[in-house]
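S.K.:
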Amino acid sequence: MTRTPKVDRRKFLASVAVAGAASAVAPDSEAATTGGVMPPSPRPSALRPSAVVAAAESAAPAALAHAEGRPGSDFMVDVLRSLKLDYIATNPASSCRGLHESLINYGNNERPELLTVMHEESGTGMAHGYSKVAGKPMALLFHGTVGLQHATMGLYNAWCDRVPLLLMVGNHMDAATRPPGVPTTHSAQDPLALVRDFTKWDDQPSSLQACAEAMVRAYKIAMTPPMEPVCLALDAHLQEHPQNGELLSIPKLTLTAPPQGDANAVREAARLLAAAERPVIVADRAARTAAGMRAVVALAEALSAPVVDQGGRLNMPTTHDLNQSGRGPALVGQADVILALELTDLWGTLNAFVDNPQGTRTSRLKPGAKVINLGVGDLYIRANYQDFQRFAEADISIGADAEATLPSLIEAVKSELTPERRAANAKRTDDLRQARAQMRERSLAAAALGWDSSPVTTARLAADLWAAIRNENWALVSPDFFVSRWPHRLWNFEQHHQFIGGSGGAGVGYGLPAAVGAALAHRSEGRLVVNIQSDGDLMYAPGALWTAVHHKIPLLSVMHNNRAYHQERMHVQKVGNWRDRGVDRSRIGTTIENPFIDYARLAQSMGMLGIGPIEDPKDLAPALKRAIEVVKSGDPVLIDVVSAPR
Amino acid sequence: MKRQIGLWLAVAGWAVSGLCGTALAADAVKGKQTFIRVGCFECHGHVGQGGVAGLKLAPDPLPFDALVNFVRTTSGQMPRYSTRILSDDDLADIYAYLVSIPKPPDPKSIPALSR
């Protein structure tokens with residue numbers, strides 16, 4: 001019998017550190033005597049430690065000598081508790097060991113409680129999903145440098161999605177005292193430079209008092225619209241060493257009131273809207289809270305105006321007659337006044353772009369149409385990454401938080417509406433009600449197409465899932481673009497928390513972690529949480545399944561397993577056609593086959609109930625019934641459904 | 647089962663087409679294979695049901711001439727297919743497949759869609 005040599009991770013890391021240390025403290029004696037010119041000689045892969053290093057490795061850690069007294073990281077826990085954080089997602093890291101130890105022993109791992117994540121990008125995704133449901137940040141505690149590098153895509157998603165996160169990374173600032181080898185490799189002079197293009201604020205405090213102020217300031221900045229991620233680098237020395245007698249205090253947190261629109265600009269916008277014959281409201285991230293959604297509804301009803309919900313959040317109940325999201329481009333083209341609320345892409349809303357070889361661009365606006373842009377997009381912007389999109393012209397531009405501004409806009413609109421206009425608007429409501437009913441009929445007829453076909457159509461997947469959850473207290477925590485928006489076409493989304501939008505930055509790997517984080521936030525409300533999970537996205541971060549099991553986070557994940565990176569396959573096909581080379585080879589580099597991945601067994605390997613793969617649509621409803629029973633008992637479940645591409 | 651679809655029902659609509667003779671010999675089973683091979687299913691679904699990326703193609707597909715004209719000349723989101731990529735015979739087979747796709751059940755008869 002042959003044995004595979006085992007690699008002991010601790011010993012391996014120790015040897016790496018020793019090697020680094022040895023090279024640092026023991027100059028090569030041969031090189032020293034020959035002017036540094038020596039022929040290569042056979043050497044062991046890890047040098048024997050010098051006497052100094054050996055003593056350092058085998059003796060009591062020097063840190064013990066100055067570990068008496070209240071550790072600095074205990075004070076950091078006090079500050080974090082003052083922010084009323086419930087969770088900190090962490091992937092353990094030596095540069096954070098001081099704070100980690102304080103959280104679990106001094107803080108008793110309660111409020112905040114540590115969540116173990118298996119990749120920093122997963123942790124960031126979890127915090128992203130959590131924050132959109134809980135309405136406050138989940139903190140993150142990662143290694144500086146390597147951990148932060150892993151976390152970057154998740155941060156960019158949160159940045160684009162305007163979600164507040166509080167990321168803390170460990171760092172060894174003092175080159176003279178930090179451990180040699182790996183810890184030094186993982187240290188940086190300015191670790192947060194890496195993410196400064198897509199975080200709102202960062203700091204690396206060098207005293208405990210400065211740390212307290214930085215933590216409170218970071219939280220306050222993150223929670224002020226435009227809400228965005230913030231980052232802190234926490235010096236390992238500051239964490240691990242005792243407080244040196246300085247008088248410490250925790251600053252009082254007072255959240256900043258969100259910026260409201262200028263009164264004159266709001267009045268001018270109201271005049272335009274109230275006089276409009278065909279106004280349209282387009283909303284993306286307008287409703288930060290349930291109150292925000294109620295405000296969008298109130299404005300729409302005051303104007304009898306159709307609302308196009310672009311889906312960054314749930315801005316408008318799908319059951320409301322004025323929700324006309326399925327007619328977005330047509331409505332924009334017919335409108336005389338367009339009110340844009342917190343749009344990601346105003347230019348893309350007002351213009352049509354055809355992805356053909358010419359990149360055809362045409363304005364959707366009819367002549368004389370007016371555009372009112374209300375949102376925080378102009379208030380905070382960075383130059384490098386282009387998430388601010390193409391420049392779009394507007395007639396009135398209000399740099400303010402839409403949710404905070406809507407109440408004054410509604411009042412102004414009501415005061416501007418004439419009796420004649422009110423009567424004309426009422427007639428428009430009847431037309432819109434009829435149009436919505438027709439859309440609904442068309443959607444139901446379209447959902448029946450291919451009802452019994454295999455792979456399971458995305459409409460069948462959504463319809464069977466809706467039938468299984470409609471009488472529950474449910475929430476969908478995944479975007480639904482890749483399943484042709486069937487949930488938005490078939491389900492009754494009526495409460496703000498029932499939908500949280502997508503990733504923001506369209507970075508794959510957001511889906512599962514965000515769903516787990518969102519499910520955690522829903523857990524205390526006892527909601528049945530549903531995630532329609534793409535296969536490619538899952539494989540970026542399958543470790544999030546383990547986190548859900550480990551922390552008993554109930555979540556029903558139903559796979560949209562189309563066995564490909566389908567969006568990209570369509571792109572490759574398109575270019576192949578443009579070049580007249582054909583599409584037969586487009587599966588190369590884009591499909592997930594040979595072998596197919598058994599997602600049910602993947603889930604099972606992490607202690608989760610995994611069902612599937614389901615290829616016959618008739619098997620889906622019974623599987624959902626079984627899964628929901630388990631989820632309602634408090635555990636996550638995954639159902640693998642082999643499904644149509646879109 | 648290999649189904650030879652004569653497309654007799656569609657003949658009136660495209661009798662003037664130069665592809666008429668080709669289409670008459672079209673093969674729905676082969677058409678389904680081609681529909682998958684050349685990636686139609688990616689945007690339009692395996693049974694032409696359509697979705698966010700592509701229009702519904704079946705049942706009741708466009709008249710054959712209109713489909714051919716669109717496939718050969720479009721400059722929209724869908725890339726055009728030249729005869730080098732998709733022969734006239736292949737296109738006729740695809741049309742035969744689309745015509746063969748049965749009508750869906752009435753959504754009112756499906757419990758998951760009728761509530």
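So the protein sequences, as listed, match chains S and F.
One point on numbering: in this note's numbering, the residue at position 207 of the first sequence is 207, and numbering is uninterrupted.
One point on numbering: in this note's numbering, the residue at position 70 of the second sequence is 716, and numbering is uninterrupted.
Backbone N, C-alpha and C define an ideal beta-carbon position, used for all residues, glycine too.
This structure is a prediction, so every number in the text was calculated from the model and none was measured.
Residues in the same chain with beta-carbon distance under 6 Å from Ile372 of chain S, minus the five sequence neighbours each way, listed in chain order, please.
M.R.: If we look at Ile372 of chain S and ignore the five residues flanking it on each side, its Cβ neighbours are Ala269, Leu339, Ile396.
S.K.: Whole-angstrom Cβ separation of Ala468 of chain S and Leu624 of chain S, contact assumed at under 8 Å?
M.R.: Their Cβ separation, rounded to whole angstroms, is 4 Å, which keeps Ala468 of chain S and Leu624 of chain S in contact under 8 Å.
S.K.: Just curious, the beta strand (DSSP E) that Lys370 of chain S is in, first and last residue?
M.R.: Where Lys370 of chain S is concerned, the enclosing beta strand (DSSP E) stretches over 370–375.
S.K.: Would you mind stating whether Leu528 of chain S and Leu409 of chain S have Cβ atoms separated by less than 9 Å?
M.R.: Taking 9 Å as the Cβ cut-off, Leu528 of chain S and Leu409 of chain S do not qualify as a contacting pair.
S.K.: Between Gly36 of chain S and Glu68 of chain S, what straight-line distance do the alpha-carbon atoms span, to the nearest angstrom?
M.R.: Residue confidence for Gly36 of chain S is low, a pLDDT of 37 falling below 50, so the modelled location carries little weight; the figure read from the coordinates is stated next. Distance between the alpha carbons of Gly36 of chain S and Glu68 of chain S is about 45 Å.
S.K.: Which whole-angstrom value is the C-beta distance of Ile740 of chain F and Phe681 of chain F, which I expect to be below 8 Å?
M.R.: Ile740 of chain F to Phe681 of chain F, Cβ: 5 Å. Contact.
S.K.: Who does Val652 of chain S pair with in a DSSP beta bridge?
M.R.: Since the first residue shown for chain S is 1 and the last is 646, residue 652 of chain S is missing from the structure and cannot be characterised.
S.K.: Since Ile731 of chain F meets chain S, which of its residues come closer than 9 Å, beta carbon to beta carbon?
M.R.: Chain S residues near Ile731 of chain F: Gly576, Asn577, Asp580, Arg581, Gly582, Val583, Asp584.
S.K.: In the DSSP assignment, the alpha helix (DSSP H) including Gly98 of chain S goes from what residue to what residue?
M.R.: Looking at the DSSP string, the run of the alpha helix (DSSP H) that includes Gly98 of chain S is 97–101.
S.K.: Grab me the residues of Pro279 of chain S's own chain with a C-beta within less than 6 Å of its C-beta, minus the 5 sequence neighbours each way, in chain order.
M.R.: So the qualifying residues of the chain are Leu273, Leu303, Ala305, Val337.
S.K.: So which residues of chain S does Ala699 of chain F contact, with C-beta pairs closer than 8 Å?
M.R.: Ordered by position in chain S, the residues that pass the 8 Å Cβ test against Ala699 of chain F are Ser484, Met570, Pro645, Arg646.
S.K.: Label Gly98 of chain S either buried or exposed according to how many other C-beta atoms from any shown protein chain fall within 10 Å of its C-beta, with 16 as the threshold for buried.
M.R.: It counts as buried.
S.K.: How close, in whole Å, do the beta carbons of Leu192 of chain S and Ala127 of chain S come, if the pair is a contact with beta carbons under 8 Å?
M.R.: So it is not a contact: roughly 17 Å between Cβ atoms.
S.K.: Is there contact between the stretch 715–727 of chain F and the stretch 575–592 of chain S, where contact requires at least three CB pairs shorter than 8 Å?
M.R.: Cβ pair count under 8 Å is three or more, so yes.
S.K.: Between Pro757 of chain F and chain S, is any beta-carbon pair separated by less than 9 Å?
M.R.: Answer yes: the Cβ-Cβ gap between Pro757 of chain F and chain S drops below 9 Å somewhere.
S.K.: Scan the stretch 514–594 of chain S and note each continuous alpha helix (DSSP H) run of 4 residues or more that stays entirely inside, going in chain order.
M.R.: Here the runs fully enclosed are 535–540, 543–550, 566–578.
S.K.: Give me the chain S residues within the contact set of Lys702 of chain F, using Cβ-Cβ distance strictly less than 8 Å, ordered along the chain.
M.R.: The answer, in chain order, is Ala446, Leu449.
S.K.: Straight-line CA distance for Trp676 of chain S to Tyr599 of chain S?
M.R.: Any answer about residue 676 of chain S is impossible in this case: the structure gives chain S only from 1 up to 646.
S.K.: Please classify Leu379 of chain S as buried or exposed, where buried requires at least 16 neighbouring CB atoms within 10 angstroms.
M.R.: So Leu379 of chain S counts as exposed.
S.K.: I need the straight-line Cα distance from Ser131 of chain S to Ala521 of chain S, nearest angstrom please.
M.R.: Straight-line Cα distance between these residues: approximately 8 Å.
S.K.: Quick one: what's got a C-beta closer than 6 Å to Pro225 of chain S's C-beta in the same chain, skipping five residues either side?
M.R.: Same-chain partners within the cutoff: Pro258, Val376, Asp401.
S.K.: How many angstroms separate the CA atom of Leu432 of chain S from the CA atom of Met439 of chain S?
M.R.: Going by the C-alpha atoms only, they are around 10 Å apart.
S.K.: Can you list, in chain order, the residues of its chain whose CB lies under 8 Å from that of Arg421 of chain S, leaving out five sequence neighbours each side?
M.R.: Cβ neighbours of Arg421 of chain S beyond the five flanking positions: Ala274, Ala275.
S.K.: Here's a check: name, in chain order, each residue in its chain whose Cβ is nearer than 7 Å to the Cβ of Ala214 of chain S, leaving out the five neighbours to either side.
M.R.: Here the set comprises Asp203, Pro205, Leu232.
S.K.: Are Ser325 of chain S and Asp309 of chain S closer than 9 Å when you measure CB to CB?
M.R.: Their beta carbons are under 9 Å apart, which means Ser325 of chain S touches Asp309 of chain S by this criterion.
S.K.: Is there at least one Cβ from chain S nearer than 9 Å to Tyr743 of chain F's Cβ?
M.R.: False, the Cβ-Cβ gap to chain S never drops below 9 Å.
S.K.: Do Ala93 of chain S and Gly147 of chain S have their beta-carbon atoms positioned less than 9 Å apart in this structure?
M.R.: Result yes, Cβ atoms of Gly147 of chain S and Ala93 of chain S sit closer than 9 Å.
S.K.: What are the residues in the stretch 705–736 of chain F lying within 9 Å of chain S by C-beta distance?
M.R.: Cβ contacts with chain S: Pro705, Thr720, Ser721, Gly722, Gln723, Met724, Pro725, Arg726, Tyr727, Ser728, Arg730, Ile731, Leu732.
S.K.: Whose C-alpha, out of S:Arg162, S:Thr145, S:Arg81, is nearest the C-alpha of Pro251 of chain S?
M.R.: Considering only alpha carbons, the answer is S:Arg81.
S.K.: State the DSSP-derived secondary structure class of Met724 of chain F, mapped to helix, strand or coil.
M.R.: Reduced to three states, the DSSP call for Met724 of chain F is coil.
S.K.: Does the beta-carbon distance from Ala287 of chain S to His496 of chain S come in below 9 Å?
M.R.: Cβ distance < 9 Å, so Ala287 of chain S and His496 of chain S count as in contact.
S.K.: Have a look at Val693 of chain F and Leu141 of chain S and give me their C-alpha separation to the nearest angstrom.
M.R.: For Val693 of chain F and Leu141 of chain S, the distance between alpha carbons rounds to 48 Å.
S.K.: Can you check DSSP and say which residues form a bridge with Ala446 of chain S?
M.R.: The partner list for Ala446 of chain S (beta bridge, DSSP) is empty, contrary to what the question assumes.
S.K.: What would DSSP say about Asp711 of chain F, mapped onto helix, strand or coil?
M.R.: Of the three classes helix, strand and coil, the one that applies to Asp711 of chain F here is helix, per DSSP.
S.K.: Drop a sphere of 10 angstroms on the beta-carbon of Leu759 of chain F, count the other beta-carbons inside from all chains shown, and report buried for 16 or more, exposed for fewer.
M.R.: Its Cβ being crowded by 16 or more others within 10 Å, Leu759 of chain F is buried.
S.K.: Since Trp201 of chain S sits in a beta bridge, which residues does DSSP pair it with?
M.R.: Looking at the DSSP assignment, Trp201 of chain S forms a beta bridge with S:Val230.
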